[in-house]
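Everything on this sheet refers to the single structure shown next.
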Amino acid sequence: MVAEEVSDWQSKVKANLRIAARGNARLGNKKTRTGCVTCRRRRVKCDEALPSCLRCNDARRTCEGYDTDPSQATTPSSATSILQSLGSAPVTGEDGHTLQYFQTWAAQRIVGEMDVDFWSRTIMQLCHTERWALKGALAISALYRQSSEPLLNECHHVQAMKHYTQFLASARKQLESRHLTPVLALTSCIMFICFETLRNRADEAVALFLQGLRMLEDLPFDIAAQTTVLCIRDMFTRLLLLVATFGWPRVKEVRLRVEDSDPIKSFSTMSDARSALFAATAQLRADPAILHAEKWRDGAISLGRLTMQPDDLHTIGDTAEYHGVVAQQQHYITKLDHWHAVFLSSPLLSHTSESYHLMQLHYYIFKIWLDLLLQHLQSAFDDHISDFSAALHHATSYVDAKESDHTPLTFELGAIPMLFAIAFRCRVPSIRRRALAVLRRAPRRECTYDAELSRSLAERIVALEEAGLGLPDAGVYEEGEEFPAEFDEVAIGEGRRVHMVWTVNDHTGRSSLRVSRYCPDSAGRWRLVEEQLRVTGILEGVEVERGLYPFYPVRRPAN
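Residues in the sequence shown are numbered consecutively from -4, following my numbering.
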């Protein structure tokens, strides 16, 4: 690279390090999560009595006992084997156990099954030669152990913070000595983002994410074509598309450069299928016409003579600009459906794997999002009941896989926001209750999306829409419980349905939810009506963004 390019690139890396260093003296919430398997699955407080908890006994439930601590599988001999494989890497004692935990436990669970190699092999190889990579792996490992070993919560809190501080210092030193190459800088960036998302610090994660995107876009072609960079670019692309769809602020305007490709006839691996799906979706989100239409639907701008005002709904087919958007929309629907047909017909793909169900889930949610791009009224979602049902099936299978792996946190986005979208936007009472029930046993957090917050917000919306209809409380439905068929015949009218939901703060900083709904006026015209709701308990302080899947489920940590 020429001198100007080096200077510009280094300035981006320095900005990245400054972002990563924000608030690094604070590790966020240190809430203890203990209890028997039964109580934790039901998300209730456990008295932790031995040999079985009293709460289960009193309720005449079978107490399934207490999990064996996964870290106990780390023996001195297994830790030694890792140290030997790292040659002269200065890892001893407790750090050796922490590194072993990273490779054999955390790296297998912080991402999906298709990305394990990057974390358990590429990162581990870097630990052999790069001190910053070693410290980053130790920091992530200690933070992940904090979620899995609540009895040692404070110990891992301190350990994670120590390693993270050393991670920052070592990366900064490498940059100053000109030894931090663009590829290594991007690798450190993805590790920084992982750490900040695992500690649930959304602002820092978003800022690091945007800075990493700038670094990727400025890479020379020869570096951008390297295998590790392509892997990292895929991670950024997936995360960008998913969090933009599900309400991360400041990322909806980001566009990735994506080259159009020839039609695909078959997929030989699940990774190929995933790359093709997100490449097609990236093209969609990079299209100015599609972004313009999304803003119009969400009420931010007008589209020709079309606005969000209900009085103008009758003009919906009257503008050339509108017809252009419809043509682009149909183009991407065709591409998405072609991907799905090829995916289902590819003989080498396992139709029972975690990745298969996740790809199917993404397809159905993206399909609904795209098809309803130019729709105002919530009744349009009723045309997608079969898609919601299919998405729920695959979300359930995905959560089953994560539950069997004892996955508490993941860096990547899985089923949580998708299940929230199903519970919110599908007005079939049985489907939305099943989605809420699956959310109860989903991983506690995926990226910055919290399962408990998601479920609580969705339950609040469901209760608001179904008030007075005689339907049972959505929050008490148990997965697998029989749901009376006649309840699914209860109609939830357009005037009841929440169109948008977002949070607002009053002059004291106290937050509340604001919802909008289309209601007919005395002349029979649809009017957009807003209503403010007080929030208490777990929802207090949670931020929610407008959108078709309007969710940014983040509670600001206290400074």
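In this text, a Cβ means the ideal position worked out from N, Cα and C, and glycines have one as well.
Using the DSSP secondary-structure output, state which residues sit across from PRO515 in a beta bridge. Locating residue 515 in the sequence shown gives position 520, where the first residue counts as 1. TRP521, per the DSSP bridge assignment.
Considering only their Cβ atoms, is the gap separating SER136 from ALA101 smaller than 8 Å? Against the sequence shown, residue 101 aligns to sequence position 106. Against the sequence shown, residue 136 aligns to sequence position 141. Contact flag set, yes.
Of the listed residues LEU331, HIS287 and ASP445, nearest to SER270 (C-alpha basis): Position 275 of the sequence shown, counting from 1, holds the residue named residue 270. The shortest C-alpha separation from SER270 is found at LEU331.
In its own chain, which residues sit with a C-beta less than 6 Å from the C-beta of HIS502, not counting the 5 before and 5 after it? Taking the first residue of the sequence shown as 1, we reach residue 502 at position 507. Same-chain partners within the cutoff: there are none.
Checking 8 Å against the spacing of the C-beta atoms, do LEU339 and GLU489 come in under that value? Start at 1 with the first residue of the sequence shown, and residue 339 comes out as number 344. Start at 1 with the first residue of the sequence shown, and residue 489 comes out as number 494. Cβ atoms of LEU339 and GLU489: not closer than 8 Å.
DSSP-derived helix/strand/coil call for THR223: Here residue 223 refers to the residue found at position 228 of the sequence shown. Three-state result, THR223: helix.
Rounded separation between HIS152 and ASP198 - CA only: Within the sequence shown, the letter at position 157 stands for residue 152. Within the sequence shown, the letter at position 203 stands for residue 198. So the two alpha carbons sit approximately 20 Å from each other.
Residues bridged to VAL510 by DSSP? Here residue 510 corresponds to residue number 515 of the sequence shown, with the count starting at 1. Partner(s): VAL496 and GLU526.
Locate the alpha helix (DSSP H) running through PHE273, then write down its first and last residues. Here residue 273 corresponds to residue number 278 of the sequence shown, with the count starting at 1. Looking at the DSSP string, the run of the alpha helix (DSSP H) that includes PHE273 is 265 to 281.
Contact check, ARG529 vs SER511, beta carbons under 8 Å: Position 534 of the sequence shown, counted from the first residue, corresponds to residue 529. Position 516 of the sequence shown, counted from the first residue, corresponds to residue 511. No; because the gap between Cβ atoms is not below 8 Å, this pair is not in contact.
Proximal residues to LEU129 (C-beta, below 6 Å), its chain only, five neighbours per side dropped: Counted from its first residue, the sequence shown places residue 129 at position 134. Closer than 6 Å at the Cβ level, and outside the excluded window around LEU129, lie CYS122.
Taking buried to mean at least 16 other C-beta atoms within 10 Å of its own C-beta, is HIS352 buried or exposed? One-based indexing of the sequence shown puts residue 352 at position 357. So HIS352 counts as buried.
Please classify LEU343 as buried or exposed, where buried requires at least 16 other C-beta atoms within 10 Å of its C-beta. Indexing the sequence shown from 1 puts residue 343 at position 348. Burial call: exposed.
For THR232, tell me which candidate among ASP282, LEU459 and ALA274 has the shortest Cα-Cα distance. Counting from one through the sequence shown, the residue named residue 232 turns up at place 237. Here the closest residue by C-alpha is ALA274.
Taking its Cβ as the centre, do 16 or more other Cβ atoms sit within 10 Å of ASN195, making it buried, or is it exposed? Taking the first residue of the sequence shown as 1, we reach residue 195 at position 200. Classification of ASN195: buried, given that the 10 Å Cβ count is 16 or more.
For ARG435, the three-state DSSP class (helix, strand or coil): One-based indexing of the sequence shown puts residue 435 at position 440. If DSSP states are grouped into helix, strand and coil, ARG435 belongs with coil.
Can you tell which of THR57, ARG13 and LEU12 has its C-alpha closest to the C-alpha of CYS34? Counting from 1 along the sequence shown, the entry for residue 34 is found at position 39. That would be THR57, whose Cα lies nearest to the Cα of CYS34.
Short of 8 Å in beta carbon distance, which residues of its chain neighbour THR182, apart from the five on each side in sequence? Order them along the chain. For the purposes of this step, residue 182 is taken as residue 187 along the sequence shown, with counting starting at 1. Closer than 8 Å at the Cβ level, and outside the excluded window around THR182, lie THR117, ILE118, LEU121, ALA128, THR223 and ILE227.
Relative to the C-alpha of LEU557, which residue among PHE262, TYR358 and LEU170 is closest? Nothing in the structure corresponds to residue 557, since the chain is present only between -4 and 554.
For HIS371, report the span of its alpha helix (DSSP H) as first-last. On the sequence shown, position 376 is the one that residue 371 refers to. From DSSP, HIS371 is part of no alpha helix (DSSP H); its letter is neither H nor E.
Compare the C-beta of ARG450 with all C-beta atoms of chain B and state if any pair is closer than 8 Å. Here chain B cannot be found, since the structure has a single protein chain.
Hey, would you say ASP282 sits closer than 8 Å to GLN323, going by beta carbons? Within the sequence shown, numbered from 1, the residue matching residue 282 stands at position 287. Within the sequence shown, numbered from 1, the residue matching residue 323 stands at position 328. Closer than 8 Å, so yes.
Check the C-beta distance from LEU387 over to ILE363 and give it rounded, since I have them as a contact under 8 Å. As a first step, residue 387 is located in the sequence shown; it is residue number 392 there, counting from the start. As a first step, residue 363 is located in the sequence shown; it is residue number 368 there, counting from the start. Between ILE363 and LEU387 the Cβ distance is about 12 Å, and since that is not below 8 Å, they are no contact.
Give me the Cβ distance between LEU431 and ALA418, rounded to the nearest whole Å; I'm assuming they're in contact under 8 Å. The sequence position of residue 431 within the sequence shown is 436, counting from 1. The sequence position of residue 418 within the sequence shown is 423, counting from 1. That pair is a contact at about 5 Å.
Within 10 Å of its beta-carbon, does LEU225 have 16 or more other beta-carbons around it, so buried, or fewer, so exposed? On the sequence shown, residue 225 is found 230 positions in, with the first residue counted as 1. Exposed, because fewer than 16 other Cβ atoms sit within 10 Å of the Cβ of LEU225.
Measuring CB to CB, does GLN103 end up less than 8 Å from VAL111? In the sequence shown, residue 103 corresponds to position 108, counting from 1. In the sequence shown, residue 111 corresponds to position 116, counting from 1. Contact flag set, yes.
Residue span of the alpha helix (DSSP H) that contains THR182, given as start and end: Taking the first residue of the sequence shown as 1, we reach residue 182 at position 187. Element bounds for THR182: 177 to 193.
Taking C-beta to C-beta, are MET156 and CYS184 nearer than 8 Å? Position 161 of the sequence shown, counted from the start, is the residue given in the question as residue 156. Position 189 of the sequence shown, counted from the start, is the residue given in the question as residue 184. Result no, Cβ atoms of MET156 and CYS184 do not sit closer than 8 Å.
Taking the continuous alpha helix (DSSP H) assigned at VAL423, which residues delimit it? Mapped onto the sequence shown, residue 423 falls at position 428. Counting along the chain, VAL423 falls outside any alpha helix (DSSP H), and DSSP gives it neither H nor E.
CB-CB under 6 Å to ILE456, same chain, minus the five flanking residues each way: which ones, in chain order? Along the sequence shown, read from residue 1 onward, the residue named residue 456 stands at position 461. Contacts found: PHE419 and VAL493.
Quick check on DSSP: helix, strand or coil for LEU452? As a first step, residue 452 must be located in the sequence shown, where it is residue number 457. LEU452 falls in the helix class under three-state DSSP.
Hey, could you find the ends of the alpha helix (DSSP H) ILE380 is sitting in? Reading the sequence shown from its first residue, position 385 is the one you call residue 380. Counting along the chain, the alpha helix (DSSP H) containing ILE380 begins and ends at 380 to 399.
Grab the span of the alpha helix (DSSP H) containing ARG209 for me, first residue to last. Within the sequence shown, the letter at position 214 stands for residue 209. Element bounds for ARG209: 197 to 212.
Nearest to GLY505 (by Cα), restricted to the options ALA202, VAL471, GLN527 and GLY463: Locating residue 505 in the sequence shown gives position 510, counting from the first residue. What sits at residue 505 in the sequence shown is Arg, not Gly. It is GLN527.
C-alpha gap between LEU448 and PHE216, whole angstroms: Within the sequence shown, the letter at position 453 stands for residue 448. Within the sequence shown, the letter at position 221 stands for residue 216. The alpha-carbon atoms of LEU448 and PHE216 are separated by roughly 42 Å.
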